[in-house]
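Working notes for the structure below.
Residue numbers (this note's numbering): 11 to 606.
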């Protein structure tokens, strides 16, 4: 077939524009990003002693997942540990997609030697979060890393763009393996004082030769004078509240767990287990020396804790010498009033947009009628049927062999009961798989009452909740008069002080089964968790279906195919990339045809 040169030209223009239109159409969807991660043991010496830690892609801590609002994230996880694994995405709401939550109630574990691909959208979220392994006390060995969700360009951020972005993980740390710590907790022996506090997986700078031995590697943060940096701080530890401070520098709080806050300066911040904060820190000092970055334990009363202080170095590019002298003073170690008042001072920036252009405060949570009230009381570990357990409302959660979400999907009877009590019942404590029966689009009030002797943190998957009140003593109906019904901060993890209560409000608009847990790893491991079932009675068609790469276990084990028959990535996740590849090939073929 012969085509004239002019015809060839117009033919090519036609096909070129057609393919471009198709490519533009496929690109108009929210972007996809792909990651391949291997989770394995690596050798590290965070406190100067070689030990086995859990790394992601050989890194400890693991890589930072840096994405933007509404992006689709696909993470192929290969489990090279010697025990099953799940990664959970702390604070990622998994809108209508509990299948990707990565906890025992939603997913079968990834067996050793297997891979599994997570696929989720960071829908309508911004801010600072983290991921970690959710099973078998593994978080005590590492396996964690940061999640940064950036604003879309069309949404204004309520502060000037920083000159740099820094992530810091602070955590208590033990030289014992996570398996030894797990057995210790199960035998009724407390964790005791940690061997140290890590900052980004490093031990302390040798600020005092009598306290810190020689030969420990430490973290150095390099900065330039006059510049402002966003520092995201996560307490990724096991069970210790930590006070964070930077010598001679103010911490301007701007965000916590996906919410922009009223901007206030702090000289230090108590960060409890599982919590995340973003500060703007301006390098406004004269750099006569380096400066200490400190994370120290709070609310401890044993001399064994004196060596457990994390110290990193802030190094100006024009610094005249190393840091020296005493560390910056912490608050009074036993003053929970200071810490509680500090927590109350953290407020929602109601005028700022976040993931959407409308102001955060346009959701007037204080005007919504509460539909369900749960007063959830914890207790210290106790013997139940001869085993050490922790409880919420007298029930210690028993994880069934079939995840709750799968049991619900396949209508398997007897796996769980929708009968979690809304208050402590007058009966002996028991081990059970009891689930909260939530009302879809209801508005739930939860009061956490801490009868333990230590600060406990509680986290809810699938949602951001409003922290509306906290106080010492026992919560009563009259306590509602103290609630903040205007600018209580929305977040996913809140602290509850010993002998005190914290109240939250949450809008149940995300269908699924969601984990409510103690972030303190010892409390969580011994049973201090419950699941919240939120079912749309109209069978929400937008809730994502069972993934095609689902791992089956328990009562559904017979459905499981051999690993060799499974694909690394689900077919759906590759569509946008595959579409562009196909269209590019079509274009090249048509382009060649035009001149044949």
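Cβ coordinates follow ideal geometry from the N, Cα and C atoms, glycine included.
Inset, instruction - Go ahead and label residue 415 buried or exposed: buried means 16 or more other beta carbons lie within 10 angstroms of its beta carbon, across all protein chains shown. - result: In the chain shown, counting from the first residue as 1, residue 415 sits at position 405. Answer is buried; the Cβ neighbour count reaches 16.
Inset, instruction - Sort 141, 392, 230 and 538 by Cα distance to residue 438 and report the nearest one. - result: Within the chain shown, residue 438 is the residue found at index 428, counting from 1. Taking only the C-alpha atoms, the option nearest residue 438 is 392.
Legend entry - Cutoff 7 angstroms; reference residue 584; Cβ partners in own chain excluding five residues on either side: As a first step, residue 584 is located in the chain shown; it is residue number 574 there, counting from the start. Model confidence at residue 584 stands at a pLDDT of 39, short of 50, so the residue's coordinates are unreliable; what they give is reported in the following sentence. Closer than 7 angstroms at Cβ, skipping near neighbours: no residue.
Inset, instruction - Sort 78, 291 and 64 by Cα distance to residue 42 and report the nearest one. - result: Locating residue 42 in the chain shown gives position 32, counting from the first residue. Cα-wise, what sits closest to residue 42 is 78.
Inset, instruction - Let me know if residue 467 comes out buried or exposed under the rule of 16 or more other beta-carbons within 10 Å of its beta-carbon. - result: Taking the first residue of the chain shown as position 1, residue 467 is located at position 457. So residue 467 counts as buried.
Legend entry - Length of the line joining the Cα atoms of residue 56 and residue 204: The sequence position of residue 56 within the chain shown is 46, counting from 1. The sequence position of residue 204 within the chain shown is 194, counting from 1. Answer to the nearest angstrom: the Cα atoms are 13 angstroms apart.
Legend entry - Outcome for residue 554 when other beta-carbon atoms lying within 10 angstroms are tallied against a minimum of 16: Here the question's residue 554 lines up with position 544 in the chain shown. Counting Cβ neighbours within 10 Å, residue 554 comes out buried, since at least 16 surround it.
Legend entry - Distance between beta carbons of residue 427 and residue 445, contact taken as under 8 angstroms: What you label residue 445 is simply residue 435 of the chain shown in a count that begins at 1. What you label residue 427 is simply residue 417 of the chain shown in a count that begins at 1. Their Cβ separation, rounded to whole angstroms, is 7 angstroms, which keeps residue 445 and residue 427 in contact under 8 angstroms.
Legend entry - Complete beta strand (DSSP E) runs within the segment 113-179 (minimum length 3 residues, chain order): 125-131, 137-143 and 155-160
Inset, instruction - Scan the segment 503-583 and note each continuous beta strand (DSSP E) run of 3 residues or more that stays entirely inside, going in chain order. - result: Runs of the beta strand (DSSP E) inside the segment 503-583: 503-506, 510-517, 522-528 and 539-545.
Inset, instruction - Would you mind working out which of 175, 573 and 247 sits nearest residue 231, comparing C-alpha positions? - result: By 1-based counting over the chain shown, the position of residue 231 is 221. Of the candidates 175, 573 and 247, the one whose C-alpha sits nearest the C-alpha of residue 231 is 175.
Inset, instruction - Would you list the one or two residues that DSSP bridges to residue 315? - result: Residue numbering aside, residue 315 sits at position 305 when the chain shown is read from its first letter. Residue 315 is not bridged to any residue.
Inset, instruction - Take the Cβ of residue 92 as the centre, count every other Cβ of all protein chains shown within 10 Å, and call the residue buried at 16 or more, exposed below. - result: The residue you call residue 92 lines up with position 82 of the chain shown. By the 10 Å Cβ count, residue 92 comes out exposed.
Inset, instruction - Report the partner residues of residue 454 according to the DSSP bridge assignment. - result: In the chain shown, residue 454 corresponds to position 444, counting from 1. Partner(s): 382 and 516.
Inset, instruction - Report yes or no: do three or more beta-carbon pairs, one from the segment 510-519 and one from the segment 279-295, lie closer than 8 angstroms? - result: no
Legend entry - N-terminal and C-terminal residue of the alpha helix (DSSP H) that residue 104 is part of: Translated into the one-based positions of the chain shown, residue 104 becomes position 94. Unbroken run through residue 104: none, as it is neither H nor E.
Legend entry - Contact set for residue 224: own chain, Cβ-Cβ below 7 angstroms, skip 5 residues either direction: Here residue 224 corresponds to residue number 214 of the chain shown, with the count starting at 1. Counting only Cβ-Cβ distances below 7 angstroms, and skipping sequence neighbours, we find 216.
Inset, instruction - Please go through the same chain and pick out, in chain order, the residues whose beta-carbon is closer than 6 angstroms to the beta-carbon of residue 570, but skip the five residues on each side of it. - result: Looking up residue 570 in the chain shown gives position 560. Cβ neighbours of residue 570 beyond the five flanking positions: 562.
Inset, instruction - Mind listing, in chain order, the continuous beta strand (DSSP E) runs of no fewer than 3 residues lying wholly within the segment 241-303? - result: 252-256, 261-266, 269-276, 279-281 and 286-292
Legend entry - Whole-angstrom distance between residue 265 and residue 356, CA atom to CA atom: Taking the chain shown and counting its residues from 1, the one referred to as residue 356 is at position 346. Taking the chain shown and counting its residues from 1, the one referred to as residue 265 is at position 255. Distance between the alpha carbons of residue 356 and residue 265: 10 angstroms.
Inset, instruction - With a 10 Å radius around its C-beta and 16 neighbouring C-beta atoms as the bar for buried, classify residue 480 as buried or exposed. - result: Along the chain shown, read from residue 1 onward, the residue named residue 480 stands at position 470. It is buried - the Cβ of residue 480 has at least 16 other Cβ atoms within 10 Å.
Legend entry - Stretch pair the segment 94-112 + the segment 122-140: three plus CB contacts closer than 8 angstroms: yes
Inset, instruction - Would you mind reading off the limits of the alpha helix (DSSP H) that contains residue 415? - result: For the purposes of this step, residue 415 is taken as the residue at position 405 of the chain shown. Run containing residue 415: 414-419, per the alpha helix (DSSP H) assignment.
Inset, instruction - Could you name the residues that DSSP lists as bridge partners for residue 466? - result: Translated into the one-based positions of the chain shown, residue 466 becomes position 456. Answer by DSSP bridge pairing, in chain order: 506.
Legend entry - beta strand (DSSP E) runs wholly inside the segment 324-403, at least 3 long, in chain order: 382-394 and 397-402
Inset, instruction - Count the other CB atoms, across all protein chains shown, that sit within 10 Å of the CB of residue 610; report buried if there are 16 or more and exposed otherwise. - result: Any answer about residue 610 is impossible in this case: the structure gives the chain only from 11 up to 606.
Legend entry - Inter-residue Cα distance where the pair is residue 301 and residue 568: By 1-based counting over the chain shown, the position of residue 301 is 291. By 1-based counting over the chain shown, the position of residue 568 is 558. One C-alpha to the other measures close to 59 angstroms.
Legend entry - Beta-bridge partners of residue 433, as assigned by DSSP: Start at 1 with the first residue of the chain shown, and residue 433 comes out as number 423. None; residue 433 has no bridge partner.
Inset, instruction - Any chance you could list the alpha helix (DSSP H) runs of at least 4 consecutive residues sitting entirely within the segment 27-86, in chain order? - result: Within the segment 27-86, not a single complete alpha helix (DSSP H) segment reaches 4 residues in length.
Inset, instruction - Could you spell out the range, first to last residue, of the beta strand (DSSP E) harbouring residue 440? - result: Against the chain shown, residue 440 aligns to sequence position 430. Looking at the DSSP string, the run of the beta strand (DSSP E) that includes residue 440 is 440-442.
Inset, instruction - Determine the closest residue to residue 363 out of 330, 269, 400 and 435, with distance taken between C-alpha atoms. - result: As a first step, residue 363 must be located in the chain shown, where it is residue number 353. Residue 363 has its Cα closest to that of 269, out of 330, 269, 400 and 435.
Legend entry - Rounded C-alpha distance that separates residue 83 from residue 296: As a first step, residue 83 is located in the chain shown; it is residue number 73 there, counting from the start. As a first step, residue 296 is located in the chain shown; it is residue number 286 there, counting from the start. For residue 83 and residue 296, the distance between alpha carbons rounds to 43 angstroms.
Legend entry - Rounded separation between residue 75 and residue 524 - CA only: Numbered from 1 along the chain shown, position 65 holds the residue referred to as residue 75. Numbered from 1 along the chain shown, position 514 holds the residue referred to as residue 524. Rounded to the nearest angstrom, the two C-alpha atoms are 22 angstroms apart.
Inset, instruction - Tell me whether residue 110 sits in a helix, a strand or coil according to DSSP, three-state version. - result: Here the question's residue 110 lines up with position 100 in the chain shown. Looking at residue 110 - three-state DSSP - the assignment turns out to be helix.
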